[in-house]
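Letter by letter, the sequence shown follows residues 1 to 309 of our numbering.
Ideal placement from N, C-alpha and C gives every residue a C-beta, glycine not left out.
Quick caveat: nothing in here was measured; it's all calculated off a predicted structure.
Below you'll find the structure, written out as structure tokens, and then a few comments.
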Amino acid sequence: MSADYDQLLDATITYFEQLKAQGTRYVPVLPETLAGLSRAAASLPQIRSQPGTPAPVTATSAKASAVLMDGVAVVPKLPPVFSPTLTLTSAAPLTPGTPLSLDAKTQAIAELRERAMVCVKCPNLVASRKNVVFGVGDISSQIMFVGEAPGAEEDEQGEPFIGAAGQLLTKIIQTMGLSRQTVYIANILKCRPDTPGQTFGNRKPTPDEMKTCVPYLHAQVDLIQPKVLVALGSTAIEGLLSKPAYITKIRGQWHTYRGIPLMPTFHPSYLLRTEALQDKRRVWEDMLQVMEKVGLPVSDKQRGYFLKG
Ligand code: URA
Numbered sequence: 001m002s003a004d005y006d007q008l009l010d011a012t013i014t015y016f017e018q019l020k021a022q023g024t025r026y027v028p029v030l031p032e033t034l035a036g037l038s039r040a041a042a043s044l045p046q047i048r049s050q051p052g053t054p055a056p057v058t059a060t061s062a063k064a065s066a067v068l069m070d071g072v073a074v075v076p077k078l079p080p081v082f083s084p085t086l087t088l089t090s091a092a093p094l095t096p097g098t099p100l101s102l103d104a105k106t107q108a109i110a111e112l113r114e115r116a117m118v119c120v121k122c123p124n125l126v127a128s129r130k131n132v133v134f135g136v137g138d139i140s141s142q143i144m145f146v147g148e149a150p151g152a153e154e155d156e157q158g159e160p161f162i163g164a165a166g167q168l169l170t171k172i173i174q175t176m177g178l179s180r181q182t183v184y185i186a187n188i189l190k191c192r193p194d195t196p197g198q199t200f201g202n203r204k205p206t207p208d209e210m211k212t213c214v215p216y217l218h219a220q221v222d223l224i225q226p227k228v229l230v231a232l233g234s235t236a237i238e239g240l241l242s243k244p245a246y247i248t249k250i251r252g253q254w255h256t257y258r259g260i261p262l263m264p265t266f267h268p269s270y271l272l273r274t275e276a277l278q279d280k281r282r283v284w285e286d287m288l289q290v291m292e293k294v295g296l297p298v299s300d301k302q303r304g305y306f307l308k309g
């Protein structure tokens, strides 16, 4: 490769390093630019494997992004879901401690949302959905609630947790002294699971649907960087931790998702179905733990709920 090319590459790397130092994590790239970069990237390993040259170029397909690693931009092949826009993201996972400017976060979330809105990876869900339900709330919130999948009302309105279970979740959030606007709410699946031949009712997402869709949630968590995650029900836990979970066994105990404390609790739709007051009290106890973890004040009144009667 020519000296000119090397010079251009070095200038590009320097530019990305500057952006990265300023907190930029995502850079939009046009499809045609990506095509050019992909052709050039094919020959990068030979360039960089010369003795005395900087760190090797490493490609990661996991995030379907061009990655800035050791100051070197590399371009993995993109699965169709991430077309037509591409983001550049830091190779280091974005943990709650990693600063991300509000502008960068807002832009990256908007791009992610755009991609989710046109996602066609599950043909059955694309055919049946009315809306893609991306997520709602404050992208700077300390607390992020994760549910299973949109139901009929959510599909209709494009907003998570607005049906009966959602209204109960909203009440729980308000009892914590918060509001839907001050937390973030999202689901494992962004589309409503289809129910062919049925006019009502919901179904659990299939393992394939979860595997396909959950990268959007992982990316949301990476960007929002909440202090605490609340997983509502087994499906939410399974999606986040990628392993089977029995909510009755694990609720109320802190888990960790990519370094973020994760509290599993019962799904509000279960609370609507059950007569067991003790399970409602358990969810509230889990929320008190969440409040304490993020440093929210807990009043005597809040602590005393469910203690009387
Ligand atoms: N149940 C969920 O898990 N998510 C919603 O958005 C609505 C109901």
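For residue i, which of helix, strand or coil comes out of DSSP?
i: Met287; result: helix
i: Met263; result: strand
i: Tyr305; result: coil
i: Thr206; result: coil
i: Val133; result: coil
i: Ile143; result: strand
i: Ile173; result: helix
i: Ile247; result: helix
i: Cys119; result: coil
i: Val230; result: strand
i: Ala149; result: coil
i: Ile188; result: coil
i: Thr199; result: coil
i: Thr256; result: strand
i: Gly163; result: coil
i: Leu103; result: Looking at the sequence provided, one finds Asp at residue 103 rather than Leu. The answer is helix: DSSP assigns Asp103 an H, G or I state.
i: Arg180; result: coil
i: Gln225; result: coil
i: Asp155; result: helix
i: Ala127; result: helix
i: Thr274; result: coil
Would residue i and residue j qualify as a contact pair, given that the criterion is a beta-carbon distance under 7 Å?
i: Val214; j: Gly233; result: no
i: Pro196; j: Arg203; result: no
i: Ile224; j: Tyr184; result: yes
i: Met263; j: Met176; result: no
i: Ile143; j: Val228; result: yes
i: Val146; j: Ala186; result: yes
i: Thr182; j: Cys122; result: no
i: Leu288; j: Lys280; result: no
i: Pro261; j: Lys301; result: no
Taking the alpha carbon of residue i as the point to measure from, which residue in the options has its own alpha carbon closest?
i: Ile237; options: Gln225, His218, Lys227; result: His218
i: Pro244; options: Gln181, Pro261, Gln278, Thr206; result: Thr206
i: Phe134; options: Ser299, Pro123, Val118, Leu277; result: Val118
i: His267; options: Pro99, Val283, Ala104; result: Val283
i: Pro200; options: Ile173, Gly151, Leu271, Pro297; result: Contrary to the premise, residue 200 reads as Phe rather than Pro in this sequence. Considering only alpha carbons, the answer is Gly151.
i: Pro226; options: Gly166, Lys249, Lys301, Gly259; result: Gly259
i: Thr265; options: Lys105, Pro123, Tyr246; result: Tyr246
i: Arg180; options: Cys191, Lys190, Gly166; result: Gly166
Give the straight-line distance between the Cα atoms of residue i and residue j, rounded to the nearest whole angstrom.
i: Met210; j: Leu178; result: 29 Å
i: Ser140; j: Leu102; result: 8 Å
i: Gly310; j: Asp286; result: Any question about residue 310 goes unanswered here, given that the chain covers just 1 to 309.
i: Ile188; j: Asp138; result: 18 Å
i: Asp155; j: Thr235; result: 18 Å
i: Arg129; j: Ala116; result: 13 Å
i: Val314; j: Asp208; result: Residue 314 falls outside the range modelled here, since the chain spans only 1 to 309, and no answer is possible.
i: Lys105; j: Pro99; result: 10 Å
i: Leu296; j: Gln198; result: 43 Å
i: Leu241; j: His255; result: 9 Å
i: Lys171; j: Ala110; result: 28 Å
i: Gln107; j: Thr248; result: 38 Å
i: Glu114; j: Cys191; result: 14 Å
i: Val298; j: Gly158; result: 33 Å
i: Leu168; j: Gly252; result: 19 Å
i: Leu277; j: Ile250; result: 19 Å
i: Ala164; j: Ala127; result: 25 Å
i: Leu307; j: Ser269; result: 23 Å
Between residue i and residue j, which are expected to be in contact by the criterion C-beta below 8 Å, what is the C-beta distance as a whole number of angstroms?
i: Pro160; j: Val136; result: 6 Å
i: Glu153; j: Ile162; result: 5 Å
i: Leu112; j: Tyr216; result: 7 Å
Please decide whether residue i counts as near chain B, where near means a Cβ-Cβ distance under 7 Å.
i: Gln142; result: Note that chain B does not occur in the displayed structure, where there is just one protein chain.
Nearer than 6 Å: is that true of the beta carbon of residue i relative to any heavy atom of the ligand COA?
i: Ala164; result: No copy of the ligand COA appears in this structure; the ligands present are the ligand URA.
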